[in-house]
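Visitor: Below is a structure I'd like to ask you about.
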Amino acid sequence: MNKLLPKNVSELLRSYIADRKFRVAFEEARSEYYPIQAGVPQGSVLGPILYSLYTVDIPVTSKTTLAVFADDTAVMAVNDTQIEATEQLQQAIDSLTKWTRQWKIRLNEQKSIHITFALKRRDPHHCVYINGVQIPQAETVKYLGLHLDARLNWKHHVKQKALQISLKMREMYWLIGPYSKLSLANKIAIYKAIIKPIWTYGAQLWGCAKTSNRMIIQRSQNKFLRAAVHAYRYTRNEDIHRDLNINPVDKVIQEIATRHEKRLHRHVNTLALQLLDNSDDRRRLKRLKPYDLVC
Numbered sequence: 000m001n002k003l004l005p006k007n008v009s010e011l012l013r014s015y016i017a018d019r020k021f022r023v024a025f026e027e028a029r030s031e032y033y034p035i036q037a038g039v040p041q042g043s044v045l046g047p048i049l050y051s052l053y054t055v056d057i058p059v060t061s062k063t064t065l066a067v068f069a070d071d072t073a074v075m076a077v078n079d080t081q082i083e084a085t086e087q088l089q090q091a092i093d094s095l096t097k098w099t100r101q102w103k104i105r106l107n108e109q110k111s112i113h114i115t116f117a118l119k120r121r122d123p124h125h126c127v128y129i130n131g132v133q134i135p136q137a138e139t140v141k142y143l144g145l146h147l148d149a150r151l152n153w154k155h156h157v158k159q160k161a162l163q164i165s166l167k168m169r170e171m172y173w174l175i176g177p178y179s180k181l182s183l184a185n186k187i188a189i190y191k192a193i194i195k196p197i198w199t200y201g202a203q204l205w206g207c208a209k210t211s212n213r214m215i216i217q218r219s220q221n222k223f224l225r226a227a228v229h230a231y232r233y234t235r236n237e238d239i240h241r242d243l244n245i246n247p248v249d250k251v252i253q254e255i256a257t258r259h260e261k262r263l264h265r266h267v268n269t270l271a272l273q274l275l276d277n278s279d280d281r282r283r284l285k286r287l288k289p290y291d292l293v294c
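Just so you know, numbering that gives the first Met the number 0 puts 203 at position 204 of the sequence shown, and the rest follows in order with no gaps.
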């Protein structure tokens, strides 16, 4: 079997990324095979490593922050004025555009979003461009599964999660409703496996939302549990949570935040500890900070 392996690593990599083809399939129709000029097989073991090597020289500027996660890239500029922040952002984008053009990477201008995070009113005339095309401005943006709004109060994110929970409950009501023959233990297992992960994702961050926003998720949890036990109208939500041994939303957020902080202390990457540094944080409008969630 060893005779079938390439003689060296370079040949192995060449056989992995070269001479690959693709075709498009739609129902019963199939296109001809065409060569793939760039990229690596998706979902492969070497894919993330090769992508990191390919983008290791991606340009960064001293006045902006570049956040890259796979093909999701965010460029952030911070300044006291929107004009200066926009100028810094445009300079970074121009540098990034030049780099992508050099390495033949196609940017999708229409899928890019420009958002300004500020407490006061934003001027819509301060725009940024990619390849001469204006990037659409928005009041909310979704990044890595989190919905970020212009005021960073997490209101939009919470509403989107509550809507997602409502749609999922509607699909599964025949399983969790009062006429379901499913046992209560299985109904609770459905909640923990399907419903709960919807809102617990990113709770270390969106848990800083004000109480009225967090209560939106709490009400969604209440609806599921009341449907699962077929509770009467006068049955208290606190009693249902206690009997089912289900913690309220605020308690779960505290537990998640505490576990997250402990993982940061044990993390092998020393940069992770910088996330715990709150020496330069500014308090505005008495908002909670992630470290305030730790119990």
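All residues carry an ideal CB built from backbone N, CA and C; glycine is no exception.
These figures come from a predicted structure and were not determined experimentally.
Thinking C-alpha only, which one of S219, D148, V228 is nearest A208?
Guide: It is D148.
Visitor: Have a look at I175 and L183 and give me their C-alpha separation to the nearest angstrom.
Guide: When rounded, the distance between both Cα atoms is 9 Å.
Visitor: Answer yes or no: do T60 and A91 have a C-beta to C-beta separation smaller than 8 Å?
Guide: In contact: T60 and A91 (Cβ atoms closer than 8 Å).
Visitor: Using the Cβ count rule (16 or more neighbours within 10 Å means buried), how would you classify T199?
Guide: Buried: at least 16 other Cβ atoms inside 10 Å.
Visitor: Under a Cβ-count criterion, where at least 16 other Cβ atoms within 10 Å of its own Cβ denotes burial, should R102 be classed as buried or exposed?
Guide: Contrary to the premise, residue 102 reads as Trp rather than Arg in this sequence. Counting Cβ neighbours within 10 Å, W102 comes out exposed, since fewer than 16 surround it.
Visitor: Classify R29 as helix, strand or coil using the three-state DSSP reduction.
Guide: Three-state DSSP puts R29 in a strand.
Visitor: Can you give me the C-alpha to C-alpha distance between L275 and E260, rounded to a whole angstrom?
Guide: Distance between the alpha carbons of L275 and E260: 8 Å.
Visitor: At what residues does the alpha helix (DSSP H) containing K110 begin and finish?
Guide: Looking at the DSSP string, K110 is not in any alpha helix (DSSP H), and its letter there is neither H nor E.
Visitor: Can you check which of these residues, H156, R232, F223, R150, is closest to G144 by C-alpha distance?
Guide: Nearest C-alpha to G144: H156.
Visitor: Mapping DSSP to helix, strand and coil, what is M168?
Guide: Helix, per DSSP.
Visitor: Out of curiosity, what's the CA-to-CA distance linking A17 and S43?
Guide: The alpha-carbon atoms of A17 and S43 are separated by roughly 15 Å.
Visitor: Secondary structure at P247, three-state DSSP: helix, strand or coil?
Guide: In this structure, P247 counts as coil in the three-state DSSP scheme.
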